[in-house]
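**Student:** If you're matching positions, the sequence shown starts at 451 in the numbering used here and goes up one per residue.
We put the beta carbon where it would ideally sit given N, CA and C, even for glycine.
Before I ask anything, let me first share the structure, which is written out below as structure tokens.
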Amino acid sequence: MKKLMTALLGASLLSTPVAAQSAWTGGDDQPTSPLACSGESPAPEPGEYNGGAPENAPDRKGKDITVVDIPKLVGVGYFASTASGMQEAAKELGNITINTDGPTRANIDEQITFVDNYITSGVDGILFAANDPVAIAPVLKKALAAGINVVGYDADAQADARQWFVNQALPNGVAKSMMDQLASEIGEEGSFAIVTSTFTTPNQARWISEMQAYTEKCHPKLKFLETVEAQEDNILSFNQAQTLINKYGDELKGILGMTSVATPAAAEAVQQNGLCGKVSVVGLALPNAMKPYINGDCIKSTILWNTVDLGYAAAEVMRQVVDGTLKPGDTTVKAGRLGELQIVNQSQVLLGAPKVFTKDDINDFDF
């Protein structure tokens with residue numbers, strides 16, 4: 451990987467300057483709800499159901515069903531692990547077949563085409579992780595109109611374009627974990643930049659908005675430099691991290707990785723530049739991808755949820771939706787070995803709080 455990365459330092463992306471921003475970029479325009487700086491925050495009330503419903507869907511209760519899983523992209527560890535969780539649930543349930551298929555890059559137009567093709571070919575259910583919440587909504591509504599059950603996970607669409615969304619963690623919970631960990635590593639007055647996928651990727655945009663609100667409330671002296679896009683591409687993520695290192699020099703104390711690709715790529719850039727211990731990388735990534743950097747004492751932590759559990763929960767929720775055992779007004783849902791999961795934000799199923807993995811425990815996890 452090192453030789454490949456080094457050879458590509460001269461790629462065109464590096465020749466494109468990324469200007470510093472006076473305000474946070476990469477977030478959305480939705481209201482924020484920063485958690486308390488310390489102590490526990492109360493769980494949100496479920497609220498009134500705001501999801502959609504399939505039209506004239508056949509009775510599928512207890513029957514064998516065929517479901518397609520269309521993530522943001524295939525070929526990356528994150529969605530390979532969610533897919534493995536879905537297969538685990540399918541095996542336990544015994545009456546659901548799940549096939550994972552999708553674009554090889556995080557491209558919303560390609561993702562829409564995949565969804566549309568499966569509506570045409572015919573499936574009972576669609577699981578999705580959206581590349582763009584607005585752009586994907588019409589084709590998901592088309593699926594609902596065709597009587598197909600639609601459940602999201604990882605990255606949501608507009609609420610009425612699907613029935614339920616399995617939320618890996620509440621955005622304000624992700625924000626608190628990320629910014630508290632960053633402040634603990636670079637100090638309360640350190641400067642940092644963000645490497646995200648795209649400014650329209652819904653979950654990352656939501657996290658960034660909540661991160662800004664929480665930082666202004668709880669870590670007001672941290673200095674935000676800029677957000678750069680990397681398309682969830684390994685080489686682009688490395689190049690963008692390298693650009694930030696070159697541009698800001700000693701001013702840069704931390705890089706926040708918003709994707710499971712960006713975080714290890716940024717860690718690789720830090721390591722190759724001999725900046726271990728000088729530039730922190732805090733972000734969302736699979737433990738296995740970060741073990742070399744954390745066990746090698748270059749990076750201190752990584753943050754994530756159990757992605758296998760996320761896929762497992764999504765498959766369980768799809769089965770409950772099809773069977774009618776999860777319906778509007780419910781406050782919890784049974785999800786196999788995960789027990790009962792909480793309903794939040796009107797039509798979301800909450801997996802739980804994010805976890806900070808460190809050298810003390812990262813080797814206990816294999817995903």
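Does the distance from the CB of Ile644 to the CB of Ile598 come in under 8 Å?
**Tutor:** Working through the sequence shown from its first residue, we reach residue 644 at position 194. Working through the sequence shown from its first residue, we reach residue 598 at position 148. No, the pair does not count as a contact, with Cβ atoms beyond the cut-off.
**Student:** Flag Gln681 as yes if its beta-carbon sits less than 8 Å from any beta-carbon of chain C, otherwise no.
**Tutor:** Reference to chain C is not applicable here, since this structure consists of a single protein chain.
**Student:** For the segment 749-767 and the segment 623-637, state whether three or more C-beta atom pairs, one from each stretch, are separated by less than 8 Å.
**Tutor:** Because the criterion of three Cβ pairs below 8 Å is met, the segment 749-767 and the segment 623-637 touch.
**Student:** Tell me, which residues are paired with Ser730 by DSSP?
**Tutor:** Taking the sequence shown and counting its residues from 1, the one referred to as residue 730 is at position 280. In the DSSP output, where bridge partners are listed per residue, Ser730 has Gly704.
**Student:** Starting from the C-beta of Ala735, find all residues in its chain whose C-beta is less than 7 Å away, skip the five residues before and the five after it, and write them out in chain order.
**Tutor:** On the sequence shown, residue 735 is found 285 positions in, with the first residue counted as 1. Result list for Ala735: Gly707, Ser710, Thr713, Pro714, Thr752 and Leu754, in chain order.
**Student:** Cβ of Ala556 within 8 Å of Cβ of Asn581?
**Tutor:** Position 106 of the sequence shown holds residue 556. Position 131 of the sequence shown holds residue 581. Yes, they are a contact pair.
**Student:** Tell me which residue opens and which closes the alpha helix (DSSP H) that Glu498 is part of.
**Tutor:** Counting from 1 along the sequence shown, the entry for residue 498 is found at position 48. Neither: Glu498 is in no alpha helix (DSSP H) and is coded neither H nor E.
**Student:** Can you list the alpha helix (DSSP H) stretches of 4 or more residues lying completely in the segment 576-618, in chain order?
**Tutor:** Runs of the alpha helix (DSSP H) inside the segment 576-618: 587-595.
**Student:** What are the boundary residues of the alpha helix (DSSP H) that includes Lys805?
**Tutor:** Residue 805 sits at position 355 when you count from the first residue of the sequence shown. Lys805 -> not in any alpha helix (DSSP H); beta strand (DSSP E) instead, spanning Lys805 to Thr808.
**Student:** Ala593 and Val565 look like a contact to me (Cβ under 8 Å); what is the Cβ gap, rounded to whole Å?
**Tutor:** In the sequence shown, residue 593 corresponds to position 143, counting from 1. In the sequence shown, residue 565 corresponds to position 115, counting from 1. The pair is a contact, with the Cβ atoms about 7 Å apart (cut-off 8 Å).
**Student:** Per DSSP, what kind of secondary structure is Asp519 in: helix, strand or coil?
**Tutor:** Mapped onto the sequence shown, residue 519 falls at position 69. If DSSP states are grouped into helix, strand and coil, Asp519 belongs with the strands.
**Student:** Under a Cβ-count criterion, where at least 16 other Cβ atoms within 10 Å of its own Cβ denotes burial, should Val771 be classed as buried or exposed?
**Tutor:** Translated into positions along the sequence shown, residue 771 becomes position 321. Counting Cβ neighbours within 10 Å, Val771 comes out buried, since at least 16 surround it.
**Student:** Within 10 angstroms of its Cβ, does Gly572 collect 16 or more other Cβ (buried), or is it exposed?
**Tutor:** In the sequence shown, the residue the question calls residue 572 occupies position 122. Looking at its Cβ environment, which holds fewer than 16 other Cβ atoms inside 10 Å, Gly572 is exposed.
**Student:** Whose C-beta lies closer than 6 Å to the C-beta of Ala680 among residues of the same chain, with five residues either side of it excluded?
**Tutor:** For this step, residue 680 is matched to residue 230 along the sequence shown. Excluding residues within five positions, the ones whose Cβ falls inside 6 Å are Val645, Leu686, Ser687, Gln690 and Ala712.
**Student:** What residue range is occupied by the uninterrupted alpha helix (DSSP H) comprising Ala539?
**Tutor:** For the purposes of this step, residue 539 is taken as the residue at position 89 of the sequence shown. Run containing Ala539: Gly527 to Leu543, per the alpha helix (DSSP H) assignment.
**Student:** Using the DSSP secondary-structure output, state which residues sit across from Ala643 in a beta bridge.
**Tutor:** If you number the sequence shown from 1, residue 643 lands on position 193. Beta-bridge pairing links Ala643 to Ile705.
**Student:** Since Glu790 sits in a beta bridge, which residues does DSSP pair it with?
**Tutor:** Translated into positions along the sequence shown, residue 790 becomes position 340. Answer is Lys784, bridged to Glu790.
**Student:** Is it buried or exposed, Cys487, if we count other Cβ atoms within 10 angstroms and call 16 or more buried?
**Tutor:** In the sequence shown, the residue the question calls residue 487 occupies position 37. Counting Cβ neighbours within 10 Å, Cys487 comes out exposed, since fewer than 16 surround it.
**Student:** Report the start-end ranges of each beta strand (DSSP E) in the segment 614-698 that is 3 residues or longer and not cut off at the edges.
**Tutor:** For the segment 614-698, whole beta strand (DSSP E) runs of length 3 or above, ordered along the chain, are 614-617, 641-646 and 673-679.
**Student:** Out of Asp509, Pro492, Gly774 and Glu766, point me to the one whose CA is closest to Gly789's CA.
**Tutor:** Locating residue 789 in the sequence shown gives position 339, counting from the first residue. Here the closest residue by C-alpha is Glu766.
**Student:** Run the CB neighbour count on Arg819, radius 10 Å, all protein chains shown included, and call it buried at 16 or more, exposed below.
**Tutor:** Past the edges of the chain, shown from 451 to 817, lies residue 819, and the structure says nothing about it.
**Student:** Identify the continuous beta strand (DSSP E) that holds Leu760 and give its terminal residues.
**Tutor:** Here the question's residue 760 lines up with position 310 in the sequence shown. Per DSSP, Leu760 belongs to no beta strand (DSSP E); it is in the alpha helix (DSSP H), Thr757 to Asp773.
**Student:** DSSP three-state label for Val524, please.
**Tutor:** Within the sequence shown, residue 524 is the residue found at index 74, counting from 1. Reduced to three states, the DSSP call for Val524 is coil.
**Student:** Go ahead and pull the three-state DSSP assignment for Asn567.
**Tutor:** Position 117 of the sequence shown, counted from the start, is the residue given in the question as residue 567. Three-state DSSP puts Asn567 in a helix.
**Student:** Distance, Cα to Cα, Gly802 vs Glu701?
**Tutor:** Translated into positions along the sequence shown, residue 802 becomes position 352. Translated into positions along the sequence shown, residue 701 becomes position 251. Answer to the nearest angstrom: the Cα atoms are 35 Å apart.
**Student:** Can you have a look at Thr693 and say buried or exposed, based on whether 16 or more other CB atoms are within 10 angstroms of its CB?
**Tutor:** For the purposes of this step, residue 693 is taken as residue 243 along the sequence shown, with counting starting at 1. By the neighbour-count rule (16 or more Cβ atoms within 10 Å), Thr693 is buried.
**Student:** For Glu676, count the other beta carbons within 10 Å of its own beta carbon; 16 or more makes it buried, fewer makes it exposed. Which is it?
**Tutor:** As a working mapping, residue 676 is identified with position 226 in the sequence shown. Classification of Glu676: buried, given that the 10 Å Cβ count is 16 or more.
**Student:** Assuming contact is defined by CB atoms lying nearer than 8 Å, are Asp728 and Phe642 in contact in what I supplied?
**Tutor:** By one-based count along the sequence shown, residue 728 stands at place 278. By one-based count along the sequence shown, residue 642 stands at place 192. Looking at the sequence itself, residue 728 is Lys, so the reference to Asp does not match. No.
**Student:** Once DSSP output is grouped into helix, strand and coil, what is the label at Asn745?
**Tutor:** Within the sequence shown, residue 745 is the residue found at index 295, counting from 1. Correct three-state label for Asn745: helix.
**Student:** Please go through the same chain and pick out, in chain order, the residues whose beta-carbon is closer than 7 Å to the beta-carbon of Met628, but skip the five residues on each side of it.
**Tutor:** Here residue 628 refers to the residue found at position 178 of the sequence shown. Same-chain partners within the cutoff: Met661, Leu706, Val732 and Ile753.
**Student:** Quick one: what's got a C-beta closer than 7 Å to Ser491's C-beta in the same chain, skipping five residues either side?
**Tutor:** Within the sequence shown, numbered from 1, the residue matching residue 491 stands at position 41. Same-chain partners within the cutoff: Leu485.
**Student:** Roughly how many angstroms lie between the CA atoms of Thr650 and Ala605, to the nearest whole one?
**Tutor:** Looking up residue 650 in the sequence shown gives position 200. Looking up residue 605 in the sequence shown gives position 155. Between Thr650 and Ala605, the C-alpha separation is close to 11 Å.
**Student:** Just how far apart, CA to CA, sit Gly527 and Leu800?
**Tutor:** As a working note, residue 527 is residue 77 in the sequence shown. As a working note, residue 800 is residue 350 in the sequence shown. Approximately 22 Å between the Cα atoms of the pair.
**Student:** Near Arg769, which residues of its chain fall below 6 Å by C-beta distance, leaving aside the five closest residues on each side in sequence?
**Tutor:** Locating residue 769 in the sequence shown gives position 319, counting from the first residue. Around Arg769: Leu543 and Ile546.
**Student:** List the DSSP bridge partners of Ile558.
**Tutor:** Residue 558 sits at position 108 when you count from the first residue of the sequence shown. DSSP output for Ile558 lists no bridge partner at all.
**Student:** Should Asp816 be labelled buried (16 or more other beta-carbon atoms within 10 Å of its own) or exposed?
**Tutor:** On the sequence shown, position 366 is the one that residue 816 refers to. Result: exposed.
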